[in-house]
Amino acid sequence: MPRHSLEREDGKPVSSDAKGLRKVDVRLKWDPSPWDRPSHHLDIIATTYAADAPHGRPVYVVQFDKRSPDGTINMSRHSQTGQGFGFVEEMTFELDRLSPSIARVLVGVAIHQDHGHKTFGDISNTGVVVAEGYRELLADDFERVAGATAATVAEFTRNASGAWDFQEAVRGFDSDPVLFTTEMGSAPRP
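To convert, count from 1 in the sequence shown and add 393; that's this note's numbering.
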């Protein structure tokens, strides 16, 4: 899958219009493991951050077994095996309905490590798409983080006018899903 994202010429984040992004979907796909091997299990994970601590502890975490308290971030499709056609996991973000106290949302993907160490490079046909309606904001195949067990992919931030902007945030981690939720929102190291 080709890797691309939208950005303005000045390198600033993308938003759909003066009102910013409203409803965004993140979709994930991967090929199932061979029939005689344990399943590959990947998860979309979202963390939210308060305006006064945008790189601190998450206000809440959304993943396969949890949704946002106000229902604005939901997992609409979930797979534990990758079986199915196309994108087998999907999370929807109603950014325009998020509490004004939330200023940053980070989205990542983590590989469960229940059956031994697995990286993105160990799993074939991985792909993630971030889209607002029919407009693709990001498409990535995890090739640049092939040695990672988890990766952030997208960051949504509330700008000074209150509108939501998108920024590509592909960054690899060597974490299991639980540890990943505590470190994915940290500021990148120089």
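For each residue, glycine too, the CB sits at the ideal point set by N, CA and C. Here the structure is a predicted model, which is why all the values come from computation and not from measurement.
Put residue i into one of helix, strand or coil per three-state DSSP.
| i | result |
| --- | --- |
| Gly549 | According to the sequence provided, residue 549 is Phe. The question's Gly does not apply to it. Strand at Phe549. |
| Phe573 | helix |
| Asp489 | helix |
| Val481 | coil |
| Gly565 | strand |
| Val538 | helix |
| Phe457 | coil |
| Asp515 | helix |
| Gly413 | strand |
| Tyr442 | strand |
| Ala556 | coil |
| Ser579 | coil |
| Gly526 | coil |
| Ser469 | strand |
| Gly520 | strand |
Residue i to residue j, Cα distance in whole Å?
| i | j | result |
| --- | --- | --- |
| Gln473 | Asp458 | 12 Å |
| Val522 | Arg430 | 27 Å |
| Lys422 | Asn518 | 7 Å |
| Glu529 | Asp445 | 30 Å |
| Gly514 | Gly520 | 12 Å |
| Gly555 | Thr512 | 37 Å |
| Asp569 | Trp428 | 24 Å |
| Ala532 | Gly449 | 27 Å |
| Arg460 | Ser432 | 24 Å |
| Leu534 | Leu414 | According to the sequence provided, residue 534 is Asp. The question's Leu does not apply to it. For Asp534 and Leu414, the distance between alpha carbons rounds to 23 Å. |
| Gln456 | Leu435 | 11 Å |
| Pro447 | Glu536 | 28 Å |
| Asn552 | Glu561 | 16 Å |
| Trp557 | Arg564 | 21 Å |
Does the distance from the C-beta atom of residue i to that of residue j stay below 8 Å?
| i | j | result |
| --- | --- | --- |
| Thr412 | Glu525 | The question names Thr, yet the displayed sequence has Lys at residue 412. No. |
| Thr574 | Val452 | no |
| Val571 | Val500 | no |
| Val546 | Val502 | yes |
| Asp424 | Ile504 | no |
| Phe566 | Met577 | yes |
| Ser469 | Glu483 | yes |
Since residue i sits in a beta bridge, which residues does DSSP pair it with?
| i | result |
| --- | --- |
| Gly501 | Ile438 and Thr545 |
Okay, do the stretch 464-478 and the stretch 542-558 touch, 3+ Cβ pairs below 8 Å being the bar? no
Does the stretch 432-443 come close enough to the stretch 492-501 that 3 or more CB-CB pairs lie under 8 Å? yes
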